[in-house]
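Contents: one structure, followed by commentary.
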Amino acid sequence: MDLLLEGAEKLKLDLTSLQRERLEKYISEIELFNPIYKLVSYQDKDELIIRHILDSLAGVKVFEALEGSSIADLGTGAGFPGVVLAIMLDRPIVLVERMKRRVDFLKNVILRCNLKNVRIVSKDVSEVEERFDIVTCRAFHPIFDIIDDVDRILSPNGVFAPYKGKKSYLYSEIENLSNWDVSITNLHVPFLDEERIIALMRKKN
1 MDLLLEGAEK LKLDLTSLQR ERLEKYISEI ELFNPIYKLV SYQDKDELII RHILDSLAGV
61 KVFEALEGSS IADLGTGAGF PGVVLAIMLD RPIVLVERMK RRVDFLKNVI LRCNLKNVRI
121 VSKDVSEVEE RFDIVTCRAF HPIFDIIDDV DRILSPNGVF APYKGKKSYL YSEIENLSNW
181 DVSITNLHVP FLDEERIIAL MRKKN
């Protein structure tokens, strides 16, 4: 059994043949273009799958349980977690990315993977004007640096759901954000012995 399929099974994700095909195509596109575009850091294909694909997949069930249709991924870079979520979820996904080379790569991925539920907003987060039910990010700025922009683009009663590593890092980023309710969901990334969490943040009324 290959690493992607075994990891998905450990996450209790029953990949359809189309989802698996799209994930494999996405991995191939990263391998092809990463030497040119320097999109994401990894040593070999296994590390790419574990640290980026499975890491993103680990949050899928969290997003499935959240109410709301539209999801925005801020500073998506190579498409983590936004492209992975788009492959797995039947919801509209917006990838927010300002760097042209990354945008060019993402356009190619959307075309190659035939992702009809994805669009790109090629702007800095501070320039985004529309609102979303759910906002996420991964390996992006500290929360205290972007929370005002998140608040501005989050729909009423929306959820900010950033992927994070250690809880201690999260606590240091949110210690002065007393007007947000925060809950933490622990993630287990298959084959990775490191702490991973998703914070679910809702603005207090």
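Taking full-length UniProt numbering, the leading residue of the sequence shown gets 1, the next gets one more, and so forth.
Beta carbons: idealized from backbone N, C-alpha and C, even for Gly.
Proximity of residue i and residue j at Cβ, strictly below 9 Å
i, j, result
"L54", "I134", "no"
"N186", "R202", "no"
"L177", "I146", "no"
"A199", "L170", "yes"
Close-in-space but distant-in-sequence residues of the same chain around residue i (CB under 8 Å, 5 per side omitted)
i, result
"I27", "L4, K45, L48, I49, I53"
"T16", "none"
"G165", "E194, E195, R196, I197"
"N179", "K203, K204"
"V103", "E97, I120, S122"
"I184", "K167, L170, I197, I198, A199, L200"
Span of the beta strand (DSSP E) around residue i
i, result
"G158", "154-160"
"R196", "196-203"
"A72", "71-74"
"L95", "93-96"
"residue 206", "Because residue 206 is not part of the residues shown, which for the chain are 1 to 205, the question remains open."
"V83", "That residue, V83, is in no beta strand (DSSP E); its alpha helix (DSSP H) goes 82-88."
"R119", "118-121"
Presumed contact (8 Å Cβ cut-off) between residue i and residue j, rounded CB distance
i, j, result
"F63", "R138", "Rounded, the Cβ-Cβ distance is 12 Å, inconsistent with contact."
"V121", "A86", "Contact flag wrong, Cβ pair sits at about 14 Å."
"L11", "P190", "6 Å"
"A78", "L39", "4 Å"
"E29", "V109", "5 Å"
"D124", "R98", "5 Å"
Residue i versus the options, residue with shortest Cα-Cα distance
i, options, result
"L89", "R102, A72, D2, A78", "A72"
"D14", "L57, E31, K38", "L57"
"residue 237", "Y169, V83, E127, M99", "The chain is shown from 1 up to 205; residue 237 falls before or after that span and cannot be answered."
"D193", "S183, R51, V60", "R51"
"V60", "Q19, G158, N34, E173", "Q19"
"L115", "E6, D181, R22", "R22"
"K167", "P156, N157, V182", "V182"
"K204", "H188, P156, E173", "P156"
Limits of the alpha helix (DSSP H) - the one that residue i falls within
i, result
"E34", "Here the sequence assigns Asn to residue 34, which means Glu is not the residue at that position. Residues 17-37."
"L3", "3-10"
"F105", "100-112"
"I174", "167-174"
"S46", "Contrary to the premise, residue 46 reads as Asp rather than Ser in this sequence. Its alpha helix (DSSP H) spans residues 45-48."
"V62", "60-65"
Same chain only: Cβ atoms within 7 Å of residue i, ignoring 5 sequence neighbours per side
i, result
"S69", "R91, P92, D133"
"G82", "D73, T76, I93, L95"
"V84", "I53, S56, L57"
"K25", "R112, C113"
"F33", "L39, F105"
Neighbourhood of residue i by C-beta, 6 Å cutoff - its chain only, sequence neighbours within 5 removed
i, result
"Y37", "R101, F105"
"R131", "I153, S155"
"E173", "P142, I143, F144"
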